[in-house]
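Take a look at the structure below.
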Amino acid sequence: MKDHLRIGELARLFHLDVQTLRLYEDKGLLLPEGREPESNYRFYRADQVYPLALIRYLRRLECPLAEIGNFMSERSFTETCSYLRHQSETLRARHQELLRLDAVIQLKITFVERELQTLRPEKIGVEHLDAMRYFPLGDLSEVFSNELFYLYPTLAFYRGDKQDFGAYLIGGAPEDCRQPICTMPAGDYLTGYHKGAFQSIRETFARMRASTDLTLSEEIVCINIIDQFVEVNEEHYVTKVLMQIQDSEIHE
Numbered sequence: 015m016k017d018h019l020r021i022g023e024l025a026r027l028f029h030l031d032v033q034t035l036r037l038y039e040d041k042g043l044l045l046p047e048g049r050e051p052e053s054n055y056r057f058y059r060a061d062q063v064y065p066l067a068l069i070r071y072l073r074r075l076e077c078p079l080a081e082i083g084n085f086m087s088e089r090s091f092t093e094t095c096s097y098l099r100h101q102s103e104t105l106r107a108r109h110q111e112l113l114r115l116d117a118v119i120q121l122k123i124t125f126v127e128r129e130l131q132t133l134r135p136e137k138i139g140v141e142h143l144d145a146m147r148y149f150p151l152g153d154l155s156e157v158f159s160n161e162l163f164y165l166y167p168t169l170a171f172y173r174g175d176k177q178d179f180g181a182y183l184i185g186g187a188p189e190d191c192r193q194p195i196c197t198m199p200a201g202d203y204l205t206g207y208h209k210g211a212f213q214s215i216r217e218t219f220a221r222m223r224a225s226t227d228l229t230l231s232e233e234i235v236c237i238n239i240i241d242q243f244v245e246v247n248e249e250h251y252v253t254k255v256l257m258q259i260q261d262s263e264i265h266e
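According to our numbering, the sequence shown is numbered sequentially starting from 15.
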């Protein structure tokens, strides 16, 4: 190997782009030996491949750049083992979190596919529904900052001009869940579908109420089936609309 390597040569040796080496330079992790007078290219000593290999090793272990600098400056065998044990615990915890998120994703996919199989956009009818559990998310000013909004199907509760949201809890609640859980009661509901943008959903509410002489709850519950997380065109959004029948027997 040559005594010195240009930045491009060092990058190719590690299958990196030069921007990554410049980032390591900015963070003070791997400083070039100097620059060539004529081309101004950065160059590195040949033995700098070893600290770079250490950086790449630690990055493979997903160590943050801020921690790598401290780790490289002073370390002993005992300190190295202690740090690697800590990183192992961090990765295991992240692994468990990723498995939890994957389980939620799979449930959401199953939910959407199941709903689409029975979807009848023009049908208005009466269904007996089991109790539905959900995480309350608050109103429009609160919903977007809640992580659960992005993980579970969205419920929207309309009562007059007031609108609140919930995260439909399909499947069991996470074991470490500390969020309050609410329950929408079982019973008979007038159900229908709204297709299109959410802004026009009240037209569907009026159409459904006009279709029956049943006494219906003032509160209307909507379940997002196809929404902005699934479809880019809002004209293709599909929302299931539920209106509880007031004189219906409630099945617990």
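Backbone N, C-alpha and C fix where the C-beta goes; we use that ideal spot for every residue, glycine too.
message = Is the beta carbon of Ile184 closer than 8 Å to that of Tyr172?
response = no
request  = Let me know the secondary structure DSSP gives Val255 once reduced to three states.
outcome  = strand
query = Which of helix, strand or coil does DSSP assign to Cys95?
reply = helix
message = Since Ile237 and Lys254 should fall inside the 8 Å C-beta cutoff, what is the C-beta to C-beta distance between them, to a whole number of angstroms?
response = 4 Å
ask   = Along the chain, which unbroken stretches of the alpha helix (DSSP H) at least 4 residues long are found entirely within the stretch 25–51?
value = 32–40
task = Using alpha carbons as the reference points, say which of Gly139, Arg108, Cys196, Asp175 lies closest to Arg147.
result = Cys196
message = Taking the straight line between their C-alpha atoms, what separation do you get for Val140 and Leu228?
response = 10 Å
message = Let me make sure I understand the geometry here. Which of His208, Gly201, Leu68 has the alpha-carbon closest to that of Arg134?
response = His208
query = Given a threshold of 16 other Cβ atoms within 10 Å of its Cβ, counted over all protein chains shown, does Phe158 qualify as buried or as exposed?
reply = exposed
message = Quick check on DSSP: helix, strand or coil for Ala181?
response = strand
query = Is the distance from the Cβ of Ala80 to the Cβ of His18 below 8 Å?
reply = no
ask   = Just curious, the beta strand (DSSP E) that Ala170 is in, first and last residue?
value = 168–173
Coarse secondary structure for Val246, derived from DSSP in three states = coil
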